[in-house]
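*Asks:*
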Amino acid sequence: MSKIRARRPWTAGLLATAAVGAIVSGPGAAPAGAVPGAVPGDASFAFTARLSVGDLGRSCSGVLVDPSWVVTAASCFADDPAQPTALQAGVPKQKTTVTVGRNDLATGAGGHITEIAELLPRTDRDLVMARLAQPAPAAVAPVALATTAPAPGEDLVAAGYGRTRTTWANEQLHTAVFTAGTVKPTGLNLAAKTADAAICKGDTGGPALRQVNGHYELAAVHSRSWQGGCLGTPATETRTGAYDTRTDDITPWIRETSRRGYPARDAGGRAHFTQTVAADFTGDGKADIIARDTNGRLYLWKHGAGDGFDWPLLLTEDWNYTETTAADVTGDGKADLIARDSAGNLNRWTGLGDGTFTRAAKLTGDWNYTQTTAADYNGDHKTDLIARDANGNLLIWAGLGDGTFTRSSVLTGGWKYTQTVSADLNGDGQADLLAADSDGTLHSWMHNPNGSFNAATSLTTGWKYTQTAAADVTGDGKPDLVACDDTNGNLLLWTGDGNGAFNRPTVLTSGW
């Protein structure tokens, strides 16, 4: 389910070779490297990145925001650096190498070097997220992200690998202090705090950082500057101001983009997902989908605009659970996750309504049951549990609305069915059951007001599908069915009519 300005330029061609964040000597000043504190001697700025674009020596700076993602200026990659928002998403047109975790590039040791595999640009500002082909190691920590805008007069530390007054291709990371000026919706002006500081070519995309309690937060990335004092700039240009692209207001987008997942797939392109569940995890009235890949990673596909789903988001690396199901267990109107661990404990992850969850809370131990499903079966607006025991009994645990349940009672014996799921198929406010028998017939059991279920009704024969889930995918208030055709890996959708029947299937995605 994969998708899932015309301001007067500050020096012609400034962004064509990208650079910013270095301390550069101004006219008559000492070289940047001689400025006390200009060259970091520790790992405080290890998150700063150097990007080498193509084979012609073009370079930029950037900043690691996640082990797999760097934020930099879109103008570093744009065909026309003056039109950064025209950059297209996808693989960079030119091979791009990124280095992080190394203050001195000339040492040839330490840090992490890899290629950029994918670009995801913004369309409203000079900014792009670049995915690393190989994630950075734990020793290279990403920068923290600011969530409030810089204030006029606030000091920010600029960093980058750009040229200096005396060097074209600088191999050392430099830093300098700048003062925030006018703050605009997508950017801000910066003024050098000392005469020997400037933002030069090669620094473009580097970070502007707020210092908070001994650590740094990313507030902006360098976009363009006057380049006064930079090597190659006419001596008549003495202005050292710059314009940076804000990141504080798009921190949620950066975080969500960083969570984009890349499920493991076989040579034929199939992921062989298991434990597929559907529920509205984001509160938009349309069901989202969660599933586990063969490496144990759990992903979330949010329902996007229209009928499609967004790119998968990685929820966790080690989903070592079974019997995964979803429902609003706590009564707060937000779907939660339920699953069994290897010790037999049934756990709940409370949903926060935005596609994220709290840490696991134990519901009960000795969960030696299968085909666990959850819904409101008695119409009291509290989620109940149903599961099958080893003797073939189908049991129900009535929910108390606070995430806890009563003792179990037997609904029926001889439950020989598989893929048991729940949904209110006929809109009477009480959940019904669906399950498949060994002959490939999909049945439904409608709930009665007295707490029992009617006799089975055959919905269809030839049910060769797996990973069956039921939820309102289309947002019309009627539950739909989702299931995988294992013969070709297509994930299919059967829209519900609200009366217990379903339309013919359509393909949601392939490679499931």
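Going left to right, the sequence shown walks through residues -29 to -1, 1 to 483 as mature numbering (1 follows the signal peptide of the UniProt record, and there is no 0) numbers them. Don't be surprised by glycine CBs; every beta carbon is placed ideally from N, CA and C. As the structure is a prediction and not an experimental result, all values here were calculated from the model.
Classify residue 78 as helix, strand or coil using the three-state DSSP reduction.
*Replies:* Residue state, collapsed to three classes: helix.
*Asks:* Whose C-alpha, out of 284, 98 and 202, is nearest the C-alpha of residue 274?
*Replies:* Among 284, 98 and 202, the Cα nearest to that of residue 274 is on 284.
*Asks:* If we require 3 or more residues per run, which beta strand (DSSP E) segments fall completely within the stretch 48 to 124?
*Replies:* 67 to 71, 83 to 92 and 99 to 103, all fully within the stretch 48 to 124.
*Asks:* Return the first residue and the last residue of the alpha helix (DSSP H) that residue 229 is part of.
*Replies:* Taken as a continuous stretch (DSSP letters only), the alpha helix (DSSP H) holding residue 229 covers 222 to 229.
*Asks:* If we count the other Cβ atoms within 10 Å of its Cβ and call it buried at 16 or more, is residue 361 buried or exposed?
*Replies:* Flag for residue 361 reads exposed.
*Asks:* In this structure, does DSSP put residue 46 in helix, strand or coil?
*Replies:* Residue state, collapsed to three classes: helix.
*Asks:* Using beta-carbon positions only, say whether residue 252 and residue 322 come within less than 8 Å of one another.
*Replies:* Their beta carbons are under 8 Å apart, which means residue 252 touches residue 322 by this criterion.
*Asks:* Leaving aside the five residues before and after residue 258 along the sequence, list all residues of the same chain whose C-beta is less than 7 Å from its C-beta, in chain order.
*Replies:* Closer than 7 Å at Cβ, skipping near neighbours: 249, 250, 251, 274, 442, 443 and 444.
*Asks:* Using the Cβ count rule (16 or more neighbours within 10 Å means buried), how would you classify residue 96?
*Replies:* Burial call: buried.
*Asks:* Going along the chain, which residues of its own chain have a beta-carbon closer than 6 Å to the beta-carbon of residue 468, five neighbours each way excluded?
*Replies:* Contacts found: none.
*Asks:* So, do the stretch 102 to 113 and the stretch 158 to 168 have three or more beta carbon pairs nearer to each other than 8 Å?
*Replies:* Touching, no.
*Asks:* Use the C-beta contact count for residue 188: other C-beta atoms within 10 angstroms, 16 or more gives buried, fewer gives exposed.
*Replies:* Flag for residue 188 reads buried.
*Asks:* CA-CA distance, residue 165 and residue 124?
*Replies:* Each residue's alpha carbon lies about 14 Å from the other.
*Asks:* Starting from residue 318, follow its DSSP beta bridges and name the residues at the other end.
*Replies:* DSSP, once it has assigned bridges, lists 310 and 333 as partnering residue 318.
*Asks:* Beta-carbon within less than 8 Å of residue 375's beta-carbon, same chain only, minus the 5 sequence neighbours each way: which residues are those?
*Replies:* Cβ within range, chain order: 334.
*Asks:* Which word fits residue 180, buried or exposed, when buried means at least 16 other C-beta atoms lie within 10 angstroms of its C-beta?
*Replies:* The residue in question, residue 180, is buried, as its Cβ has 16 or more Cβ neighbours within 10 Å.
*Asks:* What does a CB cutoff of less than 6 Å around residue 386 pick up in its chain, not counting 5 residues either side in sequence?
*Replies:* Closer than 6 Å at Cβ, skipping near neighbours: 359, 363 and 365.
*Asks:* Just verifying my parser: in three-state terms, what is the DSSP assignment at residue -5?
*Replies:* Note on residue -5: pLDDT 29, under 50, position unreliable in the model; the coordinate value appears next. Residue -5: coil per DSSP, three-state reduction.
*Asks:* Go through the stretch 167 to 245 residue by residue and report every complete run of the beta strand (DSSP E) that reaches 3 residues or more, in order.
*Replies:* The qualifying runs are 178 to 183, 186 to 196 and 213 to 217.
*Asks:* Have a look at residue 343 and residue 26 and give me their C-alpha separation to the nearest angstrom.
*Replies:* Approximately 57 Å, taken between the alpha carbons.
*Asks:* Using the rule of at least 16 other Cβ atoms within 10 Å of the residue's Cβ for burial, across every protein chain shown, is residue 352 buried or exposed?
*Replies:* Exposed is the call here.
*Asks:* Going by other Cβ atoms of all chains shown within 10 Å of its Cβ, with 16 needed for buried, is residue 426 buried or exposed?
*Replies:* The residue is exposed, with fewer than 16 neighbouring Cβ atoms inside 10 Å.
*Asks:* Is residue 276 helix, strand or coil when you go by DSSP?
*Replies:* Coil.
*Asks:* Could you check whether residue 296 and residue 331 sit closer than 8 Å to each other, using their CB atoms as the reference points?
*Replies:* Not closer than 8 Å, so no.
*Asks:* Enumerate in chain order the residues of its own chain whose CB-to-CB distance from residue 73 is below 6 Å, with the five nearest sequence positions on each side excluded.
*Replies:* Here the set comprises 81 and 82.
*Asks:* Quick one: using the 10 Å Cβ neighbour count with 16 as the cut-off for buried, is residue 420 buried or exposed?
*Replies:* Label assigned to residue 420: exposed.
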